[in-house]
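Note sheet for the following structure.
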Amino acid sequence: MPAFSADSLLLPSFVIFIIGTWITFRVTHSIEASFVVSFIKTLVFFIYFHFVFDGYFTFLDDWVYLESAKYIKLQGYNLFSFLYQNHFNWVLIAASIAGDQHFLYNLFNLFSFDLFGIHYFSPVALNVILTFFTSYFAYRIVRLLGFQQKLSILFYLFFVLHWDTILWSSILNLKDILVQFLTVGAFYQILLIEKGKKRWIHIIYLAAILILFLAIRFYLPFFLGFSYFLYRFILFLTRIKNPSVSLLIVFSGLFSFILLFILFIWLYGGDAILHVYLSDFENPFIGILRYLFMPIPFHASEHYEYLNLASPLDYLLIPFFFYGMYHAVRSGQKFFILLVIYFLLLTLFYGTYLELQGVRQKVQITFIFAIFEYIGLLKLLFRLPDIKIFNNFRKPKVIV
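With our numbering applied, the sequence shown corresponds to residues 597 to 996, in that order.
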């Protein structure tokens, strides 16, 4: 499969550069930095699809997304006419074409065809653009968490140019970048709700994100909801001075969870989901290590060799990641506890479910890896005390 012509790549490259420059300038207020960041991201995309692409770094999933979107496009639809002309039936039609309820990324591909034509690179270009928006939300999160302005800008640059962000968004047509965007967006809305900023509008935004999750990776709203429940539960326990009362509440909570789990299995056929999970159950010790530390540097499996560029850096920053997580939790900014809980729950789930142990599953939480790596670098490499990192520190309003 030949690489694409420079002419066909001109429009998506231009759009990536313009949008990237605009968003980066909003954060950095520096024309030079905005141009450099956008140029790097655009150049990687252009070079890969003009000089390197031959179809080797592709998988079954990405072609399924493309073909389903192509089918809709060849029926004479664009995204908006497809949604408008089919009224409320578009959900059923999209799900039927996609083969299951995870049709959101198929429509994402359709939208990319509307913008850039029916090409493999079209949804990839849209993914690259999406990383700028994701990085902007990540920047807003660290600002709300009290990071200094300069350190927040540096985190934006660190995240938008993170090797995992660049590689996963610039080569493959996979939904994980969109999942990451929704994940960071969900955490941003939760933090705004915690801060009490126009609470109702952000609850509506959060609800919309959770609904979108159902159409791309249906189980993530449950993990987000359960993570938030545990987060609030832990905050509640920290206010109780009597250890016996705390212990009683913990056991009561566990008992209630078991009862609700049994009720779920009985009422909603959860036993079928449980059977699927248990049929692919993996030894947690082996599975969690595989999930966290694969691929080993320079030992990426076939069709994943491009990760040999990123895996050495990932391994190099492992101690910074865990050290940063430790200091983030101890910083007094309680929202970090929610990020840690979500990270641990997903790690446990993917680490015990063999079918979903691919390296792709970590892409959706690149933000969590990046923020703790960044804090670890600030603490270990630059020896910055918390007061230098969190000079605008404000405790979030706690909803009782």
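Glycine included, C-beta positions come from ideal geometry on N, C-alpha and C.
Inter-residue Cα distance where the pair is residue i and residue j
i: Ile967; j: Trp759; result: 14 Å
i: Ile762; j: Ser823; result: 28 Å
i: Val994; j: Lys791; result: Annotation note: pLDDT 37 at Val994 (below 50); position unreliable, no value reported.
i: Phe777; j: Thr730; result: 5 Å
i: Ser634; j: Tyr732; result: 14 Å
i: Phe645; j: Pro608; result: 11 Å
i: Leu816; j: Ile614; result: 32 Å
i: Val996; j: Arg835; result: Here Val996 scores only 27 on pLDDT, less than 50, and its place in the model should not be relied on; the value that follows carries that caveat. If you take the alpha carbons of Val996 and Arg835, they lie about 11 Å apart.
i: His923; j: Pro915; result: 12 Å
i: Phe932; j: Leu670; result: 47 Å
i: Ser677; j: Ala665; result: 14 Å
i: Leu808; j: Gly821; result: 15 Å
i: Ala896; j: Phe832; result: 44 Å
i: Glu663; j: Leu675; result: 15 Å
Simplified DSSP state of residue i, which is helix, strand or coil
i: Tyr680; result: helix
i: Ala667; result: The displayed chain sequence assigns Tyr, not Ala, to residue 667. In this structure, Tyr667 counts as helix in the three-state DSSP scheme.
i: Tyr949; result: strand
i: Asn723; result: helix
i: Gln957; result: helix
i: Pro880; result: helix
i: Arg813; result: coil
i: Gly821; result: helix
i: Tyr716; result: coil
i: Leu903; result: helix
i: Arg835; result: coil
i: Glu898; result: coil
i: Thr654; result: coil
i: Ala599; result: coil
i: Tyr827; result: helix
i: Ile800; result: helix
i: Gln929; result: coil
i: Phe649; result: coil
Boundaries of the alpha helix (DSSP H) in which residue i is found, first to last residue
i: Lys975; result: Counting along the chain, Lys975 falls outside any alpha helix (DSSP H), and DSSP gives it neither H nor E.
i: His923; result: 914–926
i: Val633; result: 627–643
i: Tyr752; result: 745–756
i: Gly742; result: Here Gly742 belongs to no alpha helix (DSSP H), and DSSP marks it neither H nor E.
8 Å Cβ cutoff met for residue i and residue j
i: Ile612; j: Ala721; result: yes
i: Leu903; j: Pro891; result: yes
i: Tyr701; j: Ile812; result: yes
i: Val780; j: Lys637; result: no
i: Phe978; j: Ala734; result: no
i: Tyr827; j: Leu934; result: yes
i: Leu774; j: Leu726; result: yes
i: Leu768; j: Thr654; result: yes
i: Phe610; j: Phe717; result: no
i: Tyr652; j: His899; result: yes
i: Ile786; j: Leu810; result: no
i: Phe621; j: Ser630; result: yes
i: Ile969; j: Leu885; result: It is Glu, not Ile, that sits at residue 969 in the sequence shown. Going by C-beta atoms, Glu969 is not nearer than 8 Å to Leu885.
i: Tyr938; j: Phe819; result: yes
i: Val756; j: Phe728; result: yes
Residue nearest to residue i in terms of C-alpha spacing, selected from the options
i: Tyr911; options: Phe918, Glu901, Tyr900, Pro893; result: Pro893
i: Leu941; options: Ala906, Ile985, Lys958; result: Lys958
i: Leu770; options: Ile805, Phe699, Leu639; result: Phe699
i: Phe649; options: Gln744, Phe832, Phe754, His715; result: His715
i: Ser907; options: Met921, Phe917, Phe889, Lys666; result: Phe889
i: Phe953; options: Phe917, Phe965, Tyr887; result: According to the sequence displayed, residue 953 carries Gln and not Phe. The residue with the shortest Cα to Cα distance from Gln953 is Tyr887.
i: Asp657; options: Leu679, Ile627, Asn705, Glu628; result: Asn705
i: Phe707; options: Phe743, Tyr661, Tyr752, Lys746; result: Tyr661
beta-carbon residue i near the ligand SAM non-hydrogen atom, thresh 7 Å
i: Leu706; result: Looking for the ligand SAM in the displayed structure turns up nothing, as the structure carries no ligands at all.
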